[in-house]
């Protein structure tokens, strides 16, 4: 399910962080689906941060907007998964 949020595209909330590996999981639009991404930037999202992108289902190198911190972050999208796979996908 893809929703439009006032021109921002989709929204996701950071719910899991593996700082040792630079891996993050964010729930997409309260859908129960999670975008798994590796941070390629020095600006780290925090738990609860809201990020936006036109389409979280695009894999590979992308730029997300961290709405909470008002910054852009460079990421590498690795997967989309359900809640039961977050830790495995974040290499825990």
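In our numbering, the protein residues as written are 532 to 623. The beta-carbon is built from N, C-alpha and C at its ideal position, and this holds for glycine as well. Model, not experiment: these values are computed from the prediction.
Contact set for residue i: own chain, Cβ-Cβ below 6 Å, skip 5 residues either direction
i	result
residue 599	580, 581
residue 592	607
Own chain partners of residue i with C-beta closer than 7 Å, once the 5 adjacent residues on each side are dropped
i	result
residue 568	555, 606, 607, 608, 609
residue 553	569, 570
Test: residue i CB closer than 8 Å to a CB of chain B
i	result
residue 543	Among the chains in the structure shown there is no chain B, since it carries only a single protein chain.
Through-space distance from residue j to residue i, alpha-carbon basis
i	j	result
residue 584	residue 614	20 Å
residue 612	residue 602	25 Å
residue 551	residue 623	9 Å
Beta-bridge partners of residue i, as assigned by DSSP
i	result
residue 611	566
residue 574	DSSP, once it has assigned bridges, lists no residue as partnering residue 574.
Unbroken beta strand (DSSP E) run spanning residue i, endpoints
i	result
residue 618	Per DSSP, residue 618 belongs to no beta strand (DSSP E); it is in the alpha helix (DSSP H), 617-620.
residue 544	541-549
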